[in-house]
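Enquirer:
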Amino acid sequence: MKLSAFVVSVLLVGSIGSKLALAGEGEVNLYSYRQPFLIQPMLEAFTKETGIKVNVVYAEKGMLERLKAEGENSPADAVLTADIGRLNDMVEAGVLQPVHSDVLEHNIPAQYRHPDGLWFGLTTRARVILASRDRVGTEEVVTYEDLADPKLKGRVCTRSGKHVYMVSLIASVIAHVGEDKAEQWLRGVKDNLARKPQGNDRAQAKAIYEGVCDVAVANTYYMGKMATNDEKPEQKEWAESVRIVFPNQDDRGTHVNVSGAAVTRSAPNRENAIRLLEFLSGDYAQELYAEQNFEYPVKAGVPLHPLVASWGNFKADTIGLADIAGYRAAASKMVDRVGYDQATGS
Amino acid sequence: METYTAGTRSAVAVRAVRRPRVSGWTAGALLVAGLIAVPLLAVIYLALAPSEDIWPHLVSTVLPRYVSTTFGLMLGVGLCTLAIGVGTAWLVTMTRFPGSRLFEVGLLLPLAMPAYIIAYVYADMLEYAGPVQGFLRQVFGWASPRDYWFPEIRSLGGAITMMSLVLYPYVYLLSRAAFLEQSVCVLEVSRTLGENPWRSFFRVALPLARPAVVVGVSLVLMETLNDFGTVDYFAVPTFTLGIYDVWLNMNSTSGAAQLAVVMLVVVLMLISAERLARRGQRYHHTSTRYRALPSVRLSGVRAVSAFLACLMPVAFGFAIPGGVLLAYAIETAPVTTGGSFIAYAVNSLTLSVGAAALAVAVGLFLAYGIRLGGGPVLRAATRFAGIGYAVPGAVLAIGVIIPFAGLDNAVDGLMRRTFGVSTGLVLSGTLFTLVFAYVVRFLALSLGTVEAGLARITIGMDGAARTLGLGPGRTLAAIHLPMMKGSILTAAILVFVDGMKELPMTMLLRPFNFDTLATYVHQFASSELLEECALGALAIVAAGILPVIALSLTIRQSRPGAKAAKSRATAATPVAIPAEP
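Here the protein sequences line up with chains A and B, keeping their order. By this note's numbering, the letter at position 189 of the first sequence is numbered 190, and the numbering carries on one by one without gaps. By this note's numbering, the letter at position 296 of the second sequence is numbered 877, and the numbering carries on one by one without gaps.
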């Protein structure tokens, strides 16, 4: 019992001590939904340029609940997310504050930021169709709707319908064609699946390479990471076995999602948080995003990675991302109704 | 002799002795149990918040599947771990075969392996594009998945296999401790009465070990229930997956909390049902006479079978996945090694040691409170405080955040109003909160193990000590602690090893710039970058192995008669010598 009392007091003193140390000047505290190894280079560059230290907590789940519970006293200044859904949840929970910054408004096109400055998109990624170079004709699959066409029976692979990227894609279909038609479509895609939905987007390209299926859905940056993987050259072969189809070029355009950032309502270091966002939307960080993560920078004029550029320009779906986010719950329920993840493949 | 009797009345006299002194301990125990229960209460509070009713949708679509899958998973993992755990424990305790002493330790090793990590490794090996199927295709000339059948690893069966492989050590550890603490007399009586060793096991040893085995299996089942990593990766739709889906995709925190509460109620019902089934039965030693357990030397086919039965769990649960990780780690070592790696390891160790010390102290305090006759309220409160282990980690983390941040904000408000000073968040986002959260989550481990150990000590000992004038605290220190050293160590190591693997609570509750080995591994594992996370995963395993080995050796020596057996061996006396009291 004495030992535990000792442990308690050491921890208590230690943690309060570390707390005080955090309250120093020249810092910014970040709650991140993005993996640290993806954003570390940008944050280091920011510290180097401004002298402002960035403190990070990374968690995939529950950051919103932590922010809500901490309330006005939350130490968090800014939040980084990997998709629009989380940003929208935070807007609805009222934990963000509006920011007006000429730099941000200049760097980021209007469709990629909240009208009142509650959040800002930093990069975009397109959710495209991957088609086997050998087994799929160039005109055979050109829209998301084609994925439900009976001609693809037993030839389609995707990851779990419950993954955020799939939920967002399905939500975008609902936003465009309504729930009934979207559900019909999703049932069609399910009937075409070659196997039970599994793995991440990279695993779908691999499945095409292996001949398990002919057509898959993936985010663009996965293609970049595979095609340039010197450590695991077999992934280059996976990437080479498929071509990228930007769907729906003749109508609504390809579904895109954003990774973004926002300033929290409580932000004790508000000015530093805005500086961080401005830095992340600036040329240097945007180039890093393009170069290292194969994402599409939001800032006009920032060069794409040559590989990404080689995929060509495409027409992106311009529907408001907040509109899509509004259908996420409906999309998730639809996945349940259809039993998408229980597909056995054919 | 040990007794295995129903409804013993001999405790009546003892009760009269201990009544006057219990109130202080009971009050303290109630307070502690209440504190530990706060996060669970917070989850219930969340469940009661007004929100969209998600039940009609769930009931009409996925709920039946969640329930049947979860039930299937628990049944499968429960039976597998029971068979592997009890079977191997019996083999290494009661028989000798080539390698049996090594297996005593080796069988514990899979404990250090996080379930989701071996799920990644095996999926990589056994999926269509993996080396195993690739090899088979090459050998047999198959060209596509339609040419042959191969078990799908991403399935319920796959999940059962993965979890059984890393969870059976709970059952092994607890049943082995029970077998070791059993006195040899009952077994000899059973043999004298004409039972063969096989029947002695099923009719005497196993029933006597039941409380310990039940604790082991219920720990396994709770861990199975709260698992997210494995079932998510294998897309096996369990209740826990449903909780996360409702929370994150349907954006309904209270809907998720409602599901979690339903799960808790089911767990509580299961635990009560088991306790009801053995109500009034007592399982303890009435003797302190021990001799070395007579081990049967196996030979021939029996020795080979025993060897294989012990080898397979270690090979599949530890050696093979560990080897794969090691190969990956060697490939990528230059990329992943960094100075901060040691800092992560130190963080992991600090948290796990802190949590283990606290969880054991709390578990002992509560279990002894109940033994002192704390009454039905304390009993119920303790039972409730101990089910945090069944709750998915991230949900429990929210249950921790809400009251801690609430307290911080209340104190801050008070200080602002009275002194005009803001204290901010004092506890939220600190290591203190994190260790508290670990204790809430892992109390079941220490409580269950300690209770099983206490239950094996006859209440007559308490009576004797108290009659001689010792208070409850000194009785515990002088009588019980020495007799249950093995159980206490087991409890500490279980919490420690689970702490090393803990992920969801650490991620959400941690301070800024704070990484443990588990969170470091996770950021790569979640991107399916298995090679990059291999070194970190190995470090978790390695850090867990040393204490596990130490534990195993201590348990071997902790058997009450061990010293006597040793001295007898050195004196080479042919007659049985009664052990020291």
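Don't be surprised by glycine CBs; every beta carbon is placed ideally from N, CA and C.
Assuming B/G969 and B/L977 are in contact, meaning their beta carbons sit under 8 Å apart, how far apart are those beta carbons, in whole angstroms?
Expert: Their Cβ separation, rounded to whole angstroms, is 6 Å, which keeps B/G969 and B/L977 in contact under 8 Å.
Enquirer: Using a beta-carbon distance cut-off of less than 8 Å, what residues from the segment 57–76 of chain A approach chain B?
Expert: Hits within the stretch, in order: V57, V58, Y59, A60, E61, K62, G63, M64, E66, R67, A70, E71, G72, E73, N74, S75 and P76.
Enquirer: Alpha carbon to alpha carbon, what distance is there between A/P234 and B/R757?
Expert: One C-alpha to the other measures close to 48 Å.
Enquirer: Does the beta carbon of B/E762 come closer than 8 Å to any beta carbon on chain A?
Expert: No, B/E762 does not count as interfacial toward chain A.
Enquirer: Any C-beta of chain B sitting closer than 8 Å to the C-beta of A/R134?
Expert: No, its Cβ sits nowhere closer than 8 Å to a Cβ of chain B.
Enquirer: Leaving out the 5 sequence neighbours to the left and right, which residues in its chain are closer than 7 Å to A/V137 when beta-carbon positions are compared?
Expert: Cβ within range, chain order: D215 and V216.
Enquirer: Tell me which residue opens and which closes the alpha helix (DSSP H) that A/E73 is part of.
Expert: Here A/E73 belongs to no alpha helix (DSSP H), and DSSP marks it neither H nor E.
Enquirer: Indicate whether at least one CB of chain B lies closer than 8 Å to the CB of A/M2.
Expert: Residue confidence for A/M2 is low, a pLDDT of 47 falling below 50, so the modelled location carries little weight; the figure read from the coordinates is stated next. Chain B contact via Cβ: present.
Enquirer: Could you give the residue range of the alpha helix (DSSP H) that holds B/A854?
Expert: It spans T834 to A858 - the alpha helix (DSSP H) in which B/A854 sits, taken as one unbroken run.
Enquirer: Determine the direct distance from the alpha carbon of A/N258 to that of A/V246, and round the result to whole angstroms.
Expert: Looking at the two C-alpha atoms, the distance is approximately 17 Å.
Enquirer: Let me check one thing: in DSSP terms, what residues is A/A79 bridge-paired to?
Expert: Note: A/A79 sits in a beta bridge opposite A/L31 and A/V264.
Enquirer: Taking CB distances under 8 Å as the criterion, tell me whether B/N928 reaches chain A.
Expert: False, the Cβ-Cβ gap to chain A never drops below 8 Å.
Enquirer: Would you give the residue range spanned by the alpha helix (DSSP H) that B/Y949 belongs to?
Expert: Start and end: S921 to R952.
Enquirer: Determine whether the beta carbon atoms of A/V58 and A/Y34 lie at a separation below 8 Å.
Expert: No. Outside cutoff.
Enquirer: Under 8 Å by Cβ, that's how I've got A/R156 and A/A195 pegged, so tell me the actual separation to the nearest angstrom.
Expert: With a Cβ gap of about 6 Å, A/R156 and A/A195 count as contacting.
Enquirer: Please classify B/S1009: is it buried, with 16 or more other beta-carbons within 10 angstroms of its beta-carbon, or exposed?
Expert: Counting Cβ neighbours within 10 Å, B/S1009 comes out buried, since at least 16 surround it.
Enquirer: Assign B/D1043 to buried or exposed, taking buried as 16 or more other Cβ atoms, counted over all protein chains shown, within 10 Å of its Cβ.
Expert: The residue in question, B/D1043, is buried, as its Cβ has 16 or more Cβ neighbours within 10 Å.
Enquirer: Between A/Y328 and chain B, is the shortest Cβ-Cβ distance under 8 Å, so that the two count as touching?
Expert: By this cut-off, A/Y328 is not an interface position.
Enquirer: Is the CB-CB distance between B/V767 and B/V785 below 8 Å?
Expert: Yes; because the gap between Cβ atoms is below 8 Å, this pair is in contact.
Enquirer: Would you mind reading off the limits of the beta strand (DSSP E) that contains A/Y59?
Expert: Unbroken beta strand (DSSP E) run through A/Y59: K54 to Y59.
Enquirer: Express the C-alpha separation of B/V877 and B/I1158 in angstroms, rounding to a whole number.
Expert: Summary for B/I1158: the model assigns pLDDT 33, below 50, so the residue's position carries little reliability, and this model does not support an answer.
Enquirer: Cα-Cα, which of A/T48, A/G122 and A/R128 is closest to A/A317?
Expert: Measuring from the Cα of A/A317, the nearest candidate turns out to be A/R128.
Enquirer: Can you find the residues in the same chain that come closer than 6 Å, C-beta to C-beta, to B/S745, ignoring five residues on each side of it along the sequence?
Expert: These residues qualify, in order along the chain: V658, C661 and T662.
Enquirer: Report the residues of the segment 954–985 of chain B with a CB closer than 7 Å to any CB of chain A, ordered along the chain.
Expert: Taking 7 Å as the Cβ-Cβ cut-off against chain A, the residues of the segment 954–985 of chain B that qualify are A975, A978, I979, I982 and I983.
Enquirer: Between B/Q719 and chain A, is the shortest Cβ-Cβ distance under 8 Å, so that the two count as touching?
Expert: Not one chain A Cβ lies under 8 Å of B/Q719.
Enquirer: Where does A/W242 land, buried or exposed, given buried means 16+ other C-beta within 10 angstroms?
Expert: Here the sequence assigns Ser to residue 242 of chain A, which means Trp is not the residue at that position. Buried, because 16 or more other Cβ atoms sit within 10 Å of the Cβ of A/S242.
Enquirer: Return the CA-CA distance between A/C158 and A/V218, expressed in angstroms with no decimal places.
Expert: Straight-line Cα distance between these residues: approximately 7 Å.
Enquirer: For the segment 805–815 of chain B against the segment 683–703 of chain B, do three or more pairs of beta-carbon atoms, one drawn from each stretch, fall closer than 8 Å, so that the two count as touching?
Expert: Taking 8 Å as the limit for Cβ pairs, the verdict is that the segment 683–703 of chain B does touch the segment 805–815 of chain B.
Enquirer: What does DSSP give as the partner residues of B/Y749 in its beta bridges?
Expert: Paired residue(s): none; B/Y749 is not in a bridge.
Enquirer: Do we get a CB-CB distance below 8 Å when we pair A/S333 with the residues of chain B?
Expert: So, interface residue.
Enquirer: In the structure shown, what three-state DSSP assignment does B/V972 receive?
Expert: If DSSP states are grouped into helix, strand and coil, B/V972 belongs with coil.
Enquirer: According to DSSP, which residues form a beta bridge with A/R114?
Expert: Paired residues: A/F121.
Enquirer: Among the candidates A/M335, A/P37 and A/Q36, whose CA atom is the shortest distance from the CA of A/L187?
Expert: A/L187 has its Cα closest to that of A/M335, out of A/M335, A/P37 and A/Q36.
Enquirer: For B/P1128, which beta-bridge partners are listed by DSSP?
Expert: Answer is none; B/P1128 lacks a bridge partner.
Enquirer: So is A/T345 buried or exposed if we call it buried at 16+ other beta carbons inside 10 Å?
Expert: A/T345 is exposed by the Cβ-count criterion.
Enquirer: Can you check DSSP and say which residues form a bridge with A/C158?
Expert: Partner(s): A/A217.
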